[in-house]
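Heads up: the protein sequence lines correspond to chains P and B, in order.
Counting along the first sequence from 1, when you hit position 271 you're at 271 in our numbering, and nothing is skipped either side.
Counting along the second sequence from 1, when you hit position 150 you're at 498 in our numbering, and nothing is skipped either side.
Every residue, glycine too, gets a C-beta built ideally from N, C-alpha and C.
In this text the structure is predicted, and so the values were computed from the model without any measurement.
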Amino acid sequence: MSHVDDGILHGYLDGELAPAEARGVDAHLAQCPECRRRVDEERALIARAAELLAVATPPDRALPPFRAGDVKAPTRLWWQVRLPLAWAATVALALGIGAYLGSDEQRAPEAEAARSTVAPPLARPEPPRQDLTRRETRVATGAARTAPAAPPAAPQARARVDNIAVPRPEPVMSADRAAAGVADSVRLEARPEWIAQPKASGEERSQWQKEGAISIDSARRVLGADPLVVPGVPIEALYRGRAIGYADVVIVEQALDSTTTIEVITARTAPQLLDQVVVASAPAARPELARAADSPAAALAKRPAPRAAKAAAQVRPDLFRDVRGPLSADSLAALRRRLQPLRAATGP
Amino acid sequence: MPQDLAEIYRTTYRALVRFLYRKVWDAARAEALAQEAFARAVVHKPDNARGWLFIVAANMARDDARRAARERRHLTLLKAEPQSEPATDDAVHAETERTQVRAALEQLTPRDREVLLLWDSGLSYDEIAAQTGLARGAIGTTLARARRRLVEAYEGKSGEHVARG
Numbered sequence: 001m002s003h004v005d006d007g008i009l010h011g012y013l014d015g016e017l018a019p020a021e022a023r024g025v026d027a028h029l030a031q032c033p034e035c036r037r038r039v040d041e042e043r044a045l046i047a048r049a050a051e052l053l054a055v056a057t058p059p060d061r062a063l064p065p066f067r068a069g070d071v072k073a074p075t076r077l078w079w080q081v082r083l084p085l086a087w088a089a090t091v092a093l094a095l096g097i098g099a100y101l102g103s104d105e106q107r108a109p110e111a112e113a114a115r116s117t118v119a120p121p122l123a124r125p126e127p128p129r130q131d132l133t134r135r136e137t138r139v140a141t142g143a144a145r146t147a148p149a150a151p152p153a154a155p156q157a158r159a160r161v162d163n164i165a166v167p168r169p170e171p172v173m174s175a176d177r178a179a180a181g182v183a184d185s186v187r188l189e190a191r192p193e194w195i196a197q198p199k200a201s202g203e204e205r206s207q208w209q210k211e212g213a214i215s216i217d218s219a220r221r222v223l224g225a226d227p228l229v230v231p232g233v234p235i236e237a238l239y240r241g242r243a244i245g246y247a248d249v250v251i252v253e254q255a256l257d258s259t260t261t262i263e264v265i266t267a268r269t270a271p272q273l274l275d276q277v278v279v280a281s282a283p284a285a286r287p288e289l290a291r292a293a294d295s296p297a298a299a300l301a302k303r304p305a306p307r308a309a310k311a312a313a314q315v316r317p318d319l320f321r322d323v324r325g326p327l328s329a330d331s332l333a334a335l336r337r338r339l340q341p342l343r344a345a346t347g348p
Numbered sequence: 349m350p351q352d353l354a355e356i357y358r359t360t361y362r363a364l365v366r367f368l369y370r371k372v373w374d375a376a377r378a379e380a381l382a383q384e385a386f387a388r389a390v391v392h393k394p395d396n397a398r399g400w401l402f403i404v405a406a407n408m409a410r411d412d413a414r415r416a417a418r419e420r421r422h423l424t425l426l427k428a429e430p431q432s433e434p435a436t437d438d439a440v441h442a443e444t445e446r447t448q449v450r451a452a453l454e455q456l457t458p459r460d461r462e463v464l465l466l467w468d469s470g471l472s473y474d475e476i477a478a479q480t481g482l483a484r485g486a487i488g489t490t491l492a493r494a495r496r497r498l499v500e501a502y503e504g505k506s507g508e509h510v511a512r513g
């Protein structure tokens, strides 16, 4: 038998040879001092390699608990996982704004008007944010470049990133509610503003795709709850809707007067992991909300509206709601505060 | 089979973290990625969970390295002032050693390195063969070469000429 090659020898030392093969090696070693010497060498090499690898080992920490179905990692990886999506969404939105403003001449002035009301809180000077979010700035300027027709795209795109970053404030709110007591009403008031800010502008409207008309009963089935409406305003029609990130969407068209129709959107956020994401983002979300509460828009929202606040408290917190229409941001915000579930609104 | 997966978690989690650490060189990242891999295993319920975990982990580490490289470009500007953490001699020494092992590992071909890291993570020749696509008979040869190169690269670099063989 010829000498044992390195591969076989390592397999032998690793205990990975088939029994017959290992016996063959044993037999050869018994009569070959040369190979016996090599076995010792290779054994030392293997030990040395293992030793070096052991140096490249992270500190040994206690095994984190594992429960099947306990999907912890996504929450931990939330930023890493979500950020690329946020980028994609930002770019897509920026392009969308451009396309929207470019294609729809007639609506452009209106979008412009909406923007001018929305812009002030957002159009903060750049520098304070630069250090924090270099990349956002880059995207924003990039967006402005792609959509030269829409110079304000930059602040909006940034606002959108913020918005994606903290996708669902509601459960946070409800968690707060138990503890917060008085601050509660302020925050509840602040919430629609916070959601509304970027939504009032043109690009957001395209996110909500209207599909077929549906009956009130199917709308209830779809949402598992009554769709929200502005009480006292005639309902024109209900539509099934579609939007990225939402499981079920119902859009109610209501006629404010003969020429003005508003759309009230009620959406159930997609189930699954988003719940956990919100838990993870809770600490991040709070400062955001607190800031919203300080903003002039929120101050405006503090105007006494006790009934509306009560109604808002009845609304299921996992439902996203919004009002769109050819109105000023302030009017839309006022309507948002009046939203109530359909049954309560129409009932006695 | 969550029961099986729980068992695999108990026996494999640390190995997976180690495996990942030697790719991303950041303990916290390695742990996060390992947890992510297990979280995905819970969802996907792969047949051969252990092998599957290492494949997924390797892919995640690769993506993570790309992302990290991208971020480093941004961070170089922010890190103008060095972190002035008073490090003990031991810590400095350990860090130096780790850096040298890392450098030595990086001198291996990707295939040799992968086989070596998988073996060190406790995978069998069969599992390594299945995962890398190498013939089972080639694993021993690859490991022999990888080990030799690692030791040579390390010792050539560190200047510690350990008298051996």
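In chain order, Y239, R240, G241 and R242 place their CB closer than 7 Å to the CB of P/E211, counting only its own chain and leaving out the 5 sequence neighbours on each side. Chain-ordered listing is empty here: chain B has no CB closer than 8 Å to the CB of P/H28, the nearest sitting near 15 Å. Boundaries for P/G7: no beta strand (DSSP E) harbours it, while the alpha helix (DSSP H) harbouring it runs D6 to L13, taken from the DSSP string. In chain order, G485, A486, I487, G488, T489, T490, L491, A492 and R493 make up the part of chain B whose C-beta sits under 9 Å from the C-beta of P/G7. In the three-state reduction of the DSSP assignment, P/L238 falls in the strand class.
DSSP, read as helix, strand or coil, puts P/P341 in strand.
In this structure, the alpha-carbon of B/E384 lies about 47 Å from that of P/T261. Nearest to P/A213 by alpha-carbon distance, out of P/A247, P/G245 and P/I251, is P/I251. By the criterion of a C-beta distance shorter than 8 Å, P/D60 is surrounded by no residue of its chain, once the five residues flanking it on both sides are discounted.
If you ignore the 5 residues before and after B/A354, its C-beta comes within less than 8 Å of no other C-beta in its own chain. Under the Cβ criterion of 8 Å, P/T57 is counted among the residues facing chain B. Scanning chain B for C-beta atoms nearer than 8 Å to the C-beta of P/H10 yields G488, T489, L491, A492 and R495, reported in chain order. Cβ neighbours of B/Y502 within its own chain (closer than 7 Å, five residues either side excluded): Q448, V449 and A452.
In this structure, B/V404 lies away from B/A382, with their beta-carbon atoms at least 8 Å apart. When DSSP states are grouped into helix, strand and coil, P/I214 belongs to the coil group. In this structure, the CA atom of P/P33 is about 10 Å from the CA atom of P/V39. Three or more Cβ pairs closer than 8 Å define a contact, and the segment 47-60 of chain P falls short of that threshold against the segment 16-35 of chain P. Not flagged as an interface residue toward chain P: B/R410, since no C-beta distance is shorter than 8 Å. Here the alpha carbons of P/Q31 and P/R37 stand approximately 12 Å from one another.
Linking B/L464 to B/T436 through their CA atoms gives a straight-line distance of about 31 Å.
Contacts with chain B at 8 Å (Cβ-Cβ) do not include P/A20.
In this structure, DSSP gives P/A22 a helical state, which the three-state scheme calls helix. In the assembly as shown, P/H10 is a buried residue. Its beta-carbon has 16 or more other beta-carbons within 10 Å. Going by C-alpha positions, P/L327 is about 52 Å away from B/V372. Bounds of the alpha helix (DSSP H) holding B/Q383 are A375 to H392. Neighbours of B/E445 in chain P, taken as residues at a C-beta separation under 8 Å, are given in chain order as V55.
Counting only Cβ-Cβ distances below 9 Å, B/L453 has contacts in chain P at L52, L53 and A56, in chain order. From the beta-carbon of B/L498, the residues of chain P found nearer than 7 Å are A49 and L52. Closest option to P/I216, judged by alpha-carbon separation, among P/A329, P/A27 and P/V249: P/V249. Distance from the CA atom of P/L95 to the CA atom of B/I476, rounded to whole angstroms, is 46 Å. Interface with chain P (8 Å Cβ-Cβ cutoff): B/Q479 is excluded.
B/S469 is the residue among B/R446, B/S469 and B/R418 whose C-alpha sits nearest the C-alpha of B/A406. In the DSSP assignment, P/R61 falls outside any alpha helix (DSSP H) and carries neither an H nor an E. Using beta-carbon distances, P/I265 does not count as an interface residue toward chain B, since no partner is under 8 Å.
CA-CA distance, P/R337 to P/I244, rounds to 24 Å. Listed as beta-bridge partners of B/T447 by DSSP are no residues whatsoever.
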